[in-house]
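To start, the structure itself, in C-alpha cells.
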Amino acid sequence: MNRKIKTITAAALCVSLLAGCAEETVGSTASVPESSSQGESSTQQTESSDAGSGDIIISFPGSDDESSVESSGGQDSDVSGEVESGDKELVGVDGVETNGLLKMTDSEGHVWGISFYGGGSGDDYAAYLNEFKKKVGDTVNVFNMVVPTQSAFYLPEKFESYNASHLNSINNIANQLEGIINVDAYSALEEHKNEYIYTRTDHHWMPLGAYYAAKAFCEMAQIEIKDLDEYEKKEIEGFVGTMYRFSGYDVDIKNDPETFIYYKPSTDYTATYYTTEFKEDYSARYLDSIFIYKDDPGESYTMFLGGDEKIVKIETENKNGRKLCVFKDSYGNAEIPFFVDGFEEIYVCDVRYFDNLNGPDFVKDNGITDVLFTMCTFSAVGENAERMGENLLGK
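Numbering (the numbering used here), first residue to last: 502 to 896.
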C-alpha cells in the first residue's frame, strides 16, 4: 500500500458518505443564559450569566457559580448489565483498501467497512452557527455537538496515518463559536469505544453511541435523560447497512451481518409529520411514531423518523416549558428517542432539506427555547455545512 490510497479514500469516501447521508403549542417560555466554549479542549465548562425573573437558570458543573449542579444520568461503567466498558478491544488488526474504503477485521474476527476521514476546518459551519445565534438572540440557547465517525477510534495502526484528525476539526469549530454551548461528544464516545457504539456495516453509529452523545448534551442542558435500562431494548437481526453498497457489494461484509439494537423511550408522546413548508403531511398521519419500521433489516437505521425529508414535531407529557429544535444530518436521527424524556416539545429538522423556511424565524415562531446543531464530522466540514447558509439563513 502506498500514500496514494490516502488521497483516493479520503476524497472518494467524503463524496460517498455525504451522498449516503443525503439518502438517507403555547407553553411557558424557558431560557438558559448563553455560554461559549473555547480553547484547546472541547470539554471546557462554561459559566451561567444573570437571568431575568422567570428564567430557568442553568449552572454548568465546574463554574464559579455556587449553585452549580452535578451532571446527571446513568452510570457509564455498567448499563443494566448489557455492556461492560473496557471488556473488549475492537481496534482493527488487519485491513485492505477496497473500492474507496477500508475493509478491516477487528480483534474478534468481525468485518468492518470503514471510511477514512479527509479532514477539514469547519470554518463555514462555525460561522453559520454564530450568525444563527445572533439572529435568535440571548433568550434561545444554542448548542453545538459534532460527532466523529468510526475511523476516529477503530483503524488498524498501520492505517492511522492515512486518516485526518476528527478531534482537530471538532476543536477548531468549538474554538470559533460565540455565545454557543459546545458539547463534547468525542470524549463521551471515546470513553465507551470498546462497546457497541458504531455499526460495522454502515456509515452511521449504533443507537448506543447516540445515547452516550445525547447524554452529554442533556447534562450540558441540565435536562433529564434516563438510565439505559429504563428504555425498552429492541433488536433486529441480519443488519447489513450502507457499507455493503459503498464497498462495491463486498461479499465478506454481506456475510457478517450485525444485530441492530435500539431503545424506545418510556415517556408518552405524539409525533406529527410536516412538509418542509411546515404544513401537516396528511399522508403521514397514520405514523404518529418516531419509529417507522422497514421490512428489510438492512434499512434498520432509517427507521428513525422514517428518514430525513420531513419536519417532525414531537409533543411529550412533560410540562417543563423546554422546547428543543434539532438541526441535524442523519446521525442526529438516532439521538431523538433519548430527548423524549426531557423536553416538552421537540422539532426535528434536517439541514439538507430545510430549504423553504427561515431557521431563526422558525425558532421564534414556535417558542423554541433550545436549539441543538448535531451532525457528524463529514457533514460539519463538507457539503452539508455549506447548505446551512442557504437553507437556514437564506444566504
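Beta carbons are placed, not taken as given, at the ideal position from N, Cα and C, and that holds for glycine. Since the model is a prediction, treat every value here as computed from it, not as a measurement.
Comparing C-alpha distances from G808 to each of Y775, E818, G680 and F660 shows the shortest one belongs to Y775.
Runs of the alpha helix (DSSP H) lying entirely within the stretch 605-684 and spanning at least 4 residues, in chain order: 624-637 and 667-677.
Beta-bridge pairing by DSSP links E846 to E816 and K824.
Annotation for H667: Y618, P649, T650, S652, A653, Y687 and T878 place their beta carbon closer than 8 Å to its own, counting only its chain and skipping 5 residues before and after. Distance between D730 and T606, taken at the CA atoms: about 31 Å.
Close CB contacts of E887 within its chain, under the 8 Å cut and outside five residues either way in sequence, are with D625 (chain order). Note: A772 is bridge-paired with I815 in the DSSP secondary-structure output. Taking the Cα positions, L893 is about 10 Å away from Y854.
With distances taken between CA atoms, V813 lies nearest to P838 out of E720, V643 and P838. By the neighbour-count definition (other C-beta atoms within 10 Å, threshold 16), E609 is an exposed residue.
In the three-state DSSP reduction, E731 falls in the helix class (H, G or I).
By the Cβ neighbour-count rule, S662 is exposed, with fewer than 16 other Cβ atoms within 10 Å of its own. Counting C-beta pairs closer than 8 Å gives three or more between the stretch 680-694 and the stretch 715-729, which meets the contact rule.
Judged by DSSP secondary structure, K795 falls outside any beta strand (DSSP E); it is assigned neither H nor E. In the DSSP annotation of this structure, the continuous segment of the beta strand (DSSP E) that includes K765 starts and ends at E759 to K765.
Taking a cut-off of 8 Å for Cβ pairs, the stretch 824-832 and the stretch 868-883 touch, as three or more such pairs fall below it. The residue from E692, L709 and L603 with its alpha-carbon nearest to that of K735 is L709. Under the DSSP assignment, V872 falls in the beta strand (DSSP E) whose first and last residues are D871 to C877. Pairing V872 with K659, the inter-Cα distance amounts to about 40 Å. Between Y763 and I737, the CB-CB gap stays under 9 Å. Under the DSSP assignment, F747 falls in the alpha helix (DSSP H) whose first and last residues are T743 to F747. Looking only at N821, C850, T803 and A627, the smallest Cα-Cα distance to H705 is reached by T803. I737 carries a strand assignment under DSSP once its states are collapsed to helix, strand and coil. Residue environment: V597 is assigned as exposed (fewer than 16 neighbouring CB atoms within 10 Å of its CB, all protein chains considered). Excluding residues up to 5 positions away in sequence, T702, E738, G739, F740, V741 and P798 lie with their Cβ nearer than 8 Å to the Cβ of P758 in the same chain. Rounded to whole angstroms, E778 and N631 show a C-alpha spacing of 24 Å. When DSSP states are grouped into helix, strand and coil, G890 belongs to the helix group. Of S784, L806 and Y783, the smallest CA-CA separation from Y794 is found for L806. The secondary-structure analysis by DSSP pairs D862 with nothing; it has no beta-bridge partner. If you draw a straight line from the Cα of E836 to the Cα of D595, it comes to about 31 Å. A Cβ-Cβ separation of about 10 Å leaves D782 out of contact with E810 under the 8 Å criterion. Comparing alpha-carbon positions, the option among L690, V637 and D862 lying closest to M646 turns out to be L690. In this structure G843 is in contact with I726, their Cβ atoms being roughly 6 Å apart against a cut-off of 8 Å. The straight-line gap separating the alpha-carbon atoms of D862 and G680 is approximately 19 Å.
The beta carbon of Y770 lies closer than 8 Å to those of I791, I815, E816, T817, E818 and V841 in the same chain, with the five residues before and after it left out.
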